[in-house]
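Notes follow the structure.
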Amino acid sequence: MIELNRAANQYSQEAVGFAEILVQHAPHETRWLKYAGLDLDLKSERVTKAIDLVLDRKAPVILHLELNDYEPQSEMIIQQLGQLLARYPNHDFVLMHMAQATPEEARNLVESHASVHFMTSTADAFASFTVAKAGTSHKAQAGWINLFSAPPDGAPYKGWLADYLPVLEWDERWKSLIEAHSDRFVFAADNVFGPHWTKRYPAKLKLWRHALSLLTDKTARMMACANAKRLWKLEMACGS
Numbered sequence: 246m247i248e249l250n251r252a253a254n255q256y257s258q259e260a261v262g263f264a265e266i267l268v269q270h271a272p273h274e275t276r277w278l279k280y281a282g283l284d285l286d287l288k289s290e291r292v293t294k295a296i297d298l299v300l301d302r303k304a305p306v307i308l309h310l311e312l313n314d315y316e317p318q319s320e321m322i323i324q325q326l327g328q329l330l331a332r333y334p335n336h337d338f339v340l341m342h343m344a345q346a347t348p349e350e351a352r353n354l355v356e357s358h359a360s361v362h363f364m365t366s367t368a369d370a371f372a373s374f375t376v377a378k379a380g381t382s383h384k385a386q387a388g389w390i391n392l393f394s395a396p397p398d399g400a401p402y403k404g405w406l407a408d409y410l411p412v413l414e415w416d417e418r419w420k421s422l423i424e425a426h427s428d429r430f431v432f433a434a435d436n437v438f439g440p441h442w443t444k445r446y447p448a449k450l451k452l453w454r455h456a457l458s459l460l461t462d463k464t465a466r467m468m469a470c471a472n473a474k475r476l477w478k479l480e481m482a483c484g485s
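Structure, rendered in structure tokens:
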């Protein structure tokens, strides 16, 4: 906690907020990262102290939850999350990776708590490729969700995105929820490793530009820009 406070004080003038608080993270074993994983809950001392620090600085609390990868704990985590949101109804909370939630879980949270938001990081067709590798030498999260229709069989192959975009559709359960609550969802790419910034990044942006074009203009602007601008008080224009 001393280190957290020191870093917060050191970078408070430059930063617009805080990184995510890891609550759950599946083991990861690839050529880029080896990580034993983390399985905490929202009442653990490590997590509560971090949340208190961010609350004190009046910044959005970003939580890293993996409800699918930790399915046995998901009911408990959702219950604890509801209690946390009820305790701080005027403070913004953002769930990375859509928390790997089902549309029903997300709808219940959104309709019950005005302060909860969902970030779309690792919640598209690219996540499906990671899930497909689960159980092989590539060990990582296997619970990612895809907000859209499934990519073509055999993807990723050369030219798969060109085949996918003309037939890409939103999962109607997610689309209806996002359109009804357009102020609660934030686009994010979650670029972690080098390849995410090279080949994947322009492809991901192309995919999401197309996906956003399938929403109403208002919802697309909110999701792509306005919600992030509001949450983190960013000085940027979101277009008309």
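In terms of my numbering, the sequence shown opens at residue 246 and continues consecutively. Here a beta-carbon is modelled for each residue, glycine too, at the ideal position from N, C-alpha and C.
Around the beta carbon of VAL437, a 10 Å sphere encloses fewer than 16 other beta carbons of the protein chains shown; the residue is thus reported as exposed. Cβ-Cβ distances below 7 Å link HIS455 to LEU410, LEU413 in the same chain, with the five nearest sequence neighbours on each side left out; the list follows chain order. Its chain contains ILE423, GLU424, SER427 as the residues whose beta carbon lies nearer than 7 Å to that of THR464, once the 5 sequence neighbours on both sides are disregarded; these appear in chain order. Exclusion of the five residues before and after PRO397 leaves TRP405, ASP408, TYR409 as the residues of its chain whose Cβ lies within less than 7 Å of its Cβ. At the C-beta level, GLN345 and TRP389 come within 9 Å of one another. Counting only the Cα atoms, GLU290 lies some 43 Å from LEU459.
Cβ neighbours of ARG418 within its own chain (closer than 6 Å, five residues either side excluded): PRO348. PHE430 is bridged by DSSP to PHE363. Proximity of the segment 352 to 370 to the segment 278 to 288 falls short of the contact definition, fewer than three beta-carbon pairs being nearer than 8 Å. Residue environment for THR365: buried (at least 16 other C-beta atoms within 10 angstroms of its C-beta).
Only exposed fits SER357, as fewer than 16 other CB atoms lie within 10 angstroms of its CB. For ILE323, the enclosing alpha helix (DSSP H) stretches over residues 316 to 332.
Assignment of LYS403 by DSSP, reduced to helix, strand and coil, places it in the coil class.
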